[in-house]
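What follows is one structure encoded as C-alpha cells, with my remarks underneath.
2 protein chains.
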Amino acid sequence: MGLMSLDFSMSCPLPIHRYPHVLLAHGGGGSLMQSLISELFLKAFNNPVLAQGHDAARLSIPSGKIAFTTDSYVIRPLFFPGGDIGSLAVHGTVNDLAMSGARPLYISAGFIIEEGLEMETLWQIALSMRKAADASGVLIATGDTKVVDKGKGDGVFINTAGIGVLEHDRLISPSQIKPGDKVIVSGDVGRHGIAIMAVRSGLEFETKIESDSAPVASVALSLLSSGVDAKCMRDITRGGLASVLNELAVSAGVSIEVNECDIPVREDVAAACELLGFDPLYVACEGRFAAFVSPASVDEALRILGPEARCIGEVREKDSVPVSLRSRIGTRRVLALLSGEQLPRIC
Amino acid sequence: MGLMSLDFSMSCPLPIHRYPHVLLAHGGGGSLMQSLISELFLKAFNNPVLAQGHDAARLSIPSGKIAFTTDSYVIRPLFFPGGDIGSLAVHGTVNDLAMSGARPLYISAGFIIEEGLEMETLWQIALSMRKAADASGVLIATGDTKVVDKGKGDGVFINTAGIGVLEHDRLISPSQIKPGDKVIVSGDVGRHGIAIMAVRSGLEFETKIESDSAPVASVALSLLSSGVDAKCMRDITRGGLASVLNELAVSAGVSIEVNECDIPVREDVAAACELLGFDPLYVACEGRFAAFVSPASVDEALRILGPEARCIGEVREKDSVPVSLRSRIGTRRVLALLSGEQLPRIC
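Here the protein sequences line up with chains A and B, keeping their order.
Residue numbers for the first sequence, in this note's numbering: 1 to 347.
Residue numbers for the second sequence, in this note's numbering: 1001 to 1347.
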C-alpha cells in the first residue's frame, strides 16, 4: 500500500510546538493551517496519496464495485482504556465497510477542532489513527481541518468516510436474512460502553475493563472467502446488540429469538452493568459484530471467528415481536428497541 | 441517477414535529434515531442508494480511477444570503472533486448536531442539501447522525466526503503548472466572505450582497472536454484568491504575477471591504476557481467560462516571491500568505 515508516514514540513536531494549543487561525487557510497540515497531519499519516497535495486524492481501485460509508466520532473522553477517538474513528469506518462485504482501502479524515486543544493531544490522536489505519490495511487518503471557537466544540470531533472494494458478487445485506438462519456474535458484548462509563464516573474495578475497539475487517472477509454462507453482518455499536438485532429484524421483515445463556458477557462487564444499572445487551461494542449464516455454515463460521464467538439464536418467521430473549430460566421476553442510548457520546 | 422527486415546499414531517428540537437521544442508536433518519433525512434525500438501508452504500462506478475528498462545514450563521450550510456542504465537496478533473458522483453526509437544534432548521438544511445535490448531479449515498450536549457544538456541523470518477488520463494537478501558463479566475472574487460578514455584523448595503456559493463542476469539466490545455484548477475558498495562488506557487515550484486591474471584484464588494478593512483578494469565495492554462488555450477557456471570467496573470520561473501583484499604478507588491483567515468560520 506504499506505507512509509513512522516512529510512534516521536513527540509532537517542533514547529507545531511553537503553538502548544490550536488557534482559530490554524483553520483559516493561511500559513498556520499549512504548517499544521504539513508538520502534524502529513508527518503522522505520511503516505504517497496524501503527498499528492491536491484537494482531492486520485485513487486507483481494482474494480468498479465499491462500498462507501461515513461516521462522525464525538466520544468523551478523547482517550479511554483500550483506545482513543483516533483509533475508534478508523476502526468504526473500516468495520462498516467490512460489514457490507467490502475490503476497506481508503479513508478520509475530517477534523473539527475546538480552539485551545493541546497540540500534543492532536498529535497523539493522529499517531493513533495512523497506527489503526496500518493495522486495518487502509490509507488515510484525504483530509480537512476546521477550527471552531472555544466553547463551540468539545476538544475534537473526527469524521471518517471510507471506500472499500467489493471483490465478489455476493449481496451481504439485511434483505438476505431468512427464517432459519442462525445468529452469531463474534465475541463478548458491552465492553466498550462500560470502559467509557467507568472512566467518566471515576469507577475502579478489580480488573481494568478495556474497550473492545478493534478492526474486524480481516476476520469478516475471511468468513466470506472461506465459503461460509453469510447473509448479513452488522457491527454492534450505539445501542448495543439488542438495537442491532431490532434494526435488522425490521429491515429484513423477520423475527429473531436469542438465548440469554449463549450471549457472551464478561463477568466484570456484567458486574459493572449491575452496579451502574445498565443492561449489557444495550451497551455499545466497537469491535464486535453479528453475523447471520445458514445453519450448515455455523460450525465453520465459529471456527473462523475464534473461541470467543457464539451462536446465540435464530431467525423466525415474522411475528408481533421483532426480537425476543429466551432467559436463563426459560421464559421469553421482548428485547425492545429503546428510544435512545443509555450512554450518550459513546462513539 | 435514480432521483426521486421531492416537494421542496414541504414542511418538516409530522412524526419529527412531536419533537420540535433535537434531543441527545436522537443520536443514540435507538428508535428516536431511527425515526430521525427515516422521517427526516431519508424523506429529504430520498434515493435508491440510501434506501438500501445498510451501513455502507454499494455503488457501481464506471471506471477504476476515482477522486476522493472530504470537507467539514462549521459556518456561522447557518443561513446566509445566497445559501446555507447545507448547500455549501454539497457545493464545496463537489467543487473539490471537479478541481481534480473528476466528475462528482456520490457524497456522504455526516451531521454533528447540538442538542436543542430546531427540527425545522435541520429539515430546511436537509432540503437544501438535496436541492444542491440534484443541481450538482450527485447522490447523497450514505450518512451518519451524532448529537452532542448543548454547549458542546454550535447548531450543526456537517461533513461531506465525495467520490468522483476520472474519465480521462489527464493529470490536473499543481505539478503540471509551468512558467508561461496563464492564470484565469472564473468570476468575481470575495463575495462569499463579505456576504457572511455583512450578516454577522448586521451591516446593510444598498444592494444585498449574496454569496457566490455554487457548484462549478459542470463548467470545469467542460473546460477539460473541450480540449482546453488546463494544467491545474483550484477552487477559491478559505484565504481567498491570494492564499490559493500562494499554495499553488509553492506546490508547483514557480512564481505567479497577477494584475490588480484584471482581477474582478464587484463594486459593492470592494466598497464593503473598504468599510470593514478587508482585502478582497484574501476573502473567501465558494463558487469560483482559478485555472492554469497554456497561453494558446486562454481564449477558448474564457469563452467556456463565460463573461465574468478573466485572465489575471501568468506563471513565471520561481524567484524569491511566490506571488506578486502588479498594481493599478504599475508598482509590484508581494501578495503574501497570511497566517490565518481574516474571517473565521467562513465555511
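Virtual Cβ for every residue (Gly too), placed ideally from N, Cα, C.
Here the structure is a predicted model, which means the values were calculated and not measured.
Legend: CB atoms of the stretch 91-102 of chain A lying less than 8 Å from CB atoms of chain B belong to residues ASP96, LEU97, MET99, SER100 and ALA102.
In this structure, the beta-carbon distance from ALA195/A to SER211/A falls below 7 Å. Residues of chain B with a Cβ closer than 8 Å to the Cβ of HIS54/A are, in chain order, MET1099, SER1100, SER1173 and PRO1174.
Against chain B, a Cβ distance below 9 Å from GLU210/A picks out nothing, because the smallest value is about 22 Å.
No residue range can be given for LEU166/A, since it is assigned to no alpha helix (DSSP H) and is classified by DSSP as neither H nor E. The beta carbon of LEU122/A sits no closer than 7 Å to any beta carbon of chain B.
Note: HIS21/A is bridge-paired with GLU118/A in the DSSP secondary-structure output. Chain A places no beta carbon closer than 7 Å to that of ILE1194/B, leaving this residue out of the contacts.
Exposure of LYS1150/B is indicated by the presence of fewer than 16 other C-beta atoms within 10 angstroms of its C-beta. The three-state reading of DSSP puts THR1093/B in helix, counting H, G and I together.
Of the residues assessed, CYS261/A falls on the exposed side of the cut-off, its CB having fewer than 16 other CB atoms within 10 angstroms. In this structure, ILE1107/B sits near ILE1140/B, with a CB-CB distance shorter than 7 Å.
Separation of ALA1098/B and GLY164/A (C-alpha to C-alpha, rounded to the nearest whole angstrom) is 22 Å.
Against chain A, the CB of PRO1280/B has no partner CB under 7 Å away; the residue lies outside that interface.
Cβ proximity to chain A below 8 Å picks out GLY1151, LYS1152, GLY1153, ASP1154, PHE1157, ASN1159, ALA1161, GLY1162, ILE1163, GLY1164 and LEU1166 from the stretch 1150-1166 of chain B. Listed as beta-bridge partners of ILE177/A by DSSP are no residues whatsoever. The alpha helix (DSSP H) runs of length 4 or more contained entirely in the stretch 197-242 of chain A are, from start to end of the chain, 217-225. For LEU338/A, there is no enclosing beta strand (DSSP E), as DSSP gives it neither H nor E. In terms of beta-carbon proximity, VAL1219/B stays away from the interface with chain A, with every pair separated by 7 Å or more. Each of GLY1153/B, GLY1092/B and ALA1089/B was checked against the Cα of LEU1117/B, and the nearest Cα belongs to GLY1153/B. For SER1108/B, the chain A residues whose C-beta falls within less than 8 Å of its own C-beta are PHE68, THR69, THR70 and ALA161, listed in chain order.
In the three-state scheme derived from DSSP, where H, G and I count as helix and E and B as strand, LEU139/A is classed as strand.
DSSP, read as helix, strand or coil, puts ILE112/A in strand.
Counting along the chain, LEU1032/B sits inside no beta strand (DSSP E); it lies in the alpha helix (DSSP H) bounded by residues 1031-1035.
Measuring C-alpha to C-alpha distances from PRO215/A to each of LEU59/A, MET129/A, ARG326/A and CYS311/A identifies MET129/A as the nearest. Here SER1324/B is buried, its C-beta having at least 16 other C-beta atoms within 10 Å. CYS347/A and VAL94/A have their C-alpha atoms spaced approximately 14 Å apart. Using a Cβ distance threshold of 7 Å, ALA1252/B and LEU1166/B do not count as a contacting pair. VAL74/A has a beta carbon lying within less than 7 Å of a beta carbon in chain B. For PHE1292/B, the uninterrupted beta strand (DSSP E) run begins and ends at 1289-1293, by DSSP. Neighbours of SER243/A in chain B, taken as residues at a C-beta separation under 7 Å, are given in chain order as GLY1029 and GLY1030. Using a Cβ-Cβ cut-off of 7 Å, GLU1115/B does not count as an interface residue toward chain A, since no Cβ of chain A sits closer than that to its own. In the assembly as shown, PHE8/A is an exposed residue. Its beta-carbon has fewer than 16 other beta-carbons within 10 Å.
Around ARG1328/B, the same chain offers GLU1260 and CYS1261 as residues with beta carbons nearer than 8 Å, after the five sequence neighbours per side are excluded. CA-CA distance, CYS12/A to ILE125/A, rounds to 11 Å. Look at LYS65/A: its C-beta is under 7 Å from a C-beta on chain B.
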